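Protein chains in written order, with this note's numbering: chain A, 1 to 177; chain B, 1001 to 1177. Worksheet: one structure, shown below.
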DNA sequence: AGACCATACCTCGATCCCGAGGTATAACAA
DNA sequence: TTGTTATACCTCGGGATCGAGGTATGGTCT
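Okay, here's the thing in structure tokens:
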């Protein structure tokens, strides 16, 4: 996830680590902050894999900066990841939102973007609940516990809104393709 | 998270590992499946910490079962965790839903349940977005990218539904307290 | 009788992540 | 002058997680 987000931000323009940190904090930090001890090793991994390069520059305000720039391989890895996200990227909302945040990078490929949205559509279309009566998913009305009923009500509202958005956006993408 | 879910399920009644696995699959498996390699070490950790005990029984259908039962310390740890969840448990939707799934275990303490819901209420009340203009959070209408706009629309629908549910449920809990 | 599947549990290496701590510089306030 | 804040980067140990693999048993189907 972090990998996807880093590549996604760097696709727009080169950044140094500290800027990247602030971008990540805005995107996911409200829900799940990312620590230094996570970010910097992740950058090193991406560098070791040849997906980005560093250029040291004198720091504007303090210590020297390491400006990070995507390589061709990095750009290719990002686009490939966006075209064929893992199942977990589609089902887990946190991960899915990260995919959405950067899906515009597939800008010349409306069909590829639509294919990704259709995977989410298929996932949301599966009958599912958090609670089951045997193998039958239970609806909010059947659950007496107010907290569990809340889970189901909130999930239903989210799914309704997302399906609505998915359908209108897919229609636009299909027109473009 | 896994720890909370295991303790929460065992609070209802003793289970063996395989049953636990199926309960967990129903609760979170649709979004994020849990592998054997995660579950069994987690059980061992809880056992080592004295939060649960195992009793080996001849297997009903196959290999011998290890029935898992909460200890007093395990029950206390569960309730304490529910009373004072970490910030991440409140902000991250996956974790928050796990808390909600077991919050009924604080059944004699409507004030404690209400206090937990109020923490979520405070979190949702903070002005936040995924995208910022300087330090000002941007609304869906200001974002041109359809995918990012979708994120904001979906998040808004979720927040609206959840605030609605939180307020009615808090009113009920306050009446009970 | 043999194949196959569901039940039931476990281990191991690789990877990832977090938190705590450390090292600097420069600006600004007390 | 001293303290604090913001910038900017890094390491290390501990812990959690995953995936792949392994070991059984018992029932069902052919």
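By construction, the Cβ of each residue, glycine as well, lies at the ideal position given by its N, Cα and C atoms. Everything numeric in this text was worked out from a predicted model, so none of it was measured.
Practice prompt. Spatial neighbours of residue 1031 (chain B) within its chain, please: CB distance less than 8 Å, with the 5 preceding and 5 following residues excluded, ordered by chain position.
Written response: 1094
Practice prompt. Give the secondary structure of residue 31 (chain A) by DSSP, where H, G and I count as helix, E and B as strand, and everything else as coil.
Written response: coil
Worksheet item: How long is the line joining the alpha carbons of residue 141 (chain A) and residue 149 (chain A), rounded to whole angstroms?
Response: 7 Å
Item to complete: With DSSP collapsed to three states, give me the class of residue 1054 (chain B).
Response: strand
Practice prompt. Establish whether the CB of residue 1130 (chain B) and some CB of chain A are separated by less than 7 Å.
Written response: yes
Discussion item. Per DSSP, what are the beta-bridge partners of residue 1070 (chain B) in this structure?
Written reply: B:1052
Practice prompt. Show which residues of chain A have a CB atom less than 8 Å away from the CB atom of residue 1148 (chain B).
Written response: 100, 101 and 104
Practice prompt. Note down the Cα distance separating residue 76 (chain A) from residue 1021 (chain B), rounded to an integer number of angstroms.
Written response: 38 Å
Practice prompt. Would you mind telling me which residues of chain A sit closer than 7 Å to residue 1188 (chain B), beta carbon to beta carbon, in chain order?
Written response: In the structure as shown, chain B starts at 1001 and stops at 1177, and residue 1188 (chain B) therefore has no counterpart that could be examined.
Practice prompt. Could you tell me whether the Cβ atoms of residue 976 (chain B) and residue 1111 (chain B) are closer together than 7 Å?
Written response: Here chain B has residues from 1001 to 1177 only, and residue 976 (chain B) is not among them.
Item to complete: Sort A:134, A:10 and A:157 by Cα distance to residue 53 (chain A) and report the nearest one.
Response: A:10
Worksheet item: Are the CB atoms of residue 1007 (chain B) and residue 1078 (chain B) nearer to each other than 7 Å?
Response: yes
Fill in: Nearest residue (CA-CA) to residue 174 (chain A), options A:17, A:114, A:102 and A:63
A:114
Fill in: the stretch 1064-1075 of chain B touching the stretch 147-162 of chain A, judged by at least three CB pairs closer than 8 Å
no
Worksheet item: Roughly how many angstroms separate the alpha carbons of residue 1147 (chain B) and residue 55 (chain A), rounded to a whole number?
Response: 32 Å
Worksheet entry | Start-to-end residues for the alpha helix (DSSP H) that takes in residue 1173 (chain B) | 1146-1176
Discussion item. Does residue 1080 (chain B) pass the burial test, meaning 16 or more other C-beta atoms within 10 Å, or should it be called exposed?
Written reply: exposed
Worksheet item: For residue 120 (chain A), does the three-state DSSP call read helix, strand or coil?
Response: helix
Discussion item. Between which two residues does the alpha helix (DSSP H) holding residue 135 (chain A) run?
Written reply: It is not in any alpha helix (DSSP H) - residue 135 (chain A) carries neither H nor E in the DSSP assignment.
Worksheet item: Which residues mark the beginning and the end of the alpha helix (DSSP H) in which residue 91 (chain A) is found?
Response: 87-91
Discussion item. Give me the residue from B:1130, B:1105, B:1135 and B:1165 with the minimum Cα distance to residue 1118 (chain B).
Written reply: B:1165
Fill in: Rounded Cβ spacing between residue 152 (chain A) and residue 139 (chain A) (contact assumed at less than 8 Å)
7 Å
Worksheet item: Taking the C-alpha atoms as reference points, what is the distance between residue 91 (chain A) and residue 1024 (chain B)?
Response: 16 Å
Discussion item. So with CB distances below 9 Å, who are the chain A contacts of residue 1097 (chain B)?
Written reply: 130, 151, 154 and 155
Discussion item. Closest to residue 120 (chain A) by C-alpha separation, out of A:109, A:44, A:97 and A:2, would be which residue?
Written reply: A:97
Discussion item. DSSP has residue 15 (chain A) in a bridge; who is on the other side?
Written reply: A:68
Fill in: chain A residues whose Cβ lies nearer than 8 Å to that of residue 1169 (chain B)
146, 147 and 150
Worksheet item: Under the rule that 16 or more other beta-carbon atoms within 10 Å means buried, what is residue 1035 (chain B), buried or exposed?
Response: exposed
Fill in: Same chain only: Cβ atoms within 8 Å of residue 130 (chain A), ignoring 5 sequence neighbours per side
148, 151, 152 and 155
Discussion item. So that I know if they touch, is there some Cβ in chain A lying closer than 7 Å to that of residue 1118 (chain B)?
Written reply: no
Practice prompt. Determine the chain B residues that contact residue 92 (chain A) at a beta-carbon separation under 8 Å, and present them in chain order.
Written response: 1031, 1032 and 1094
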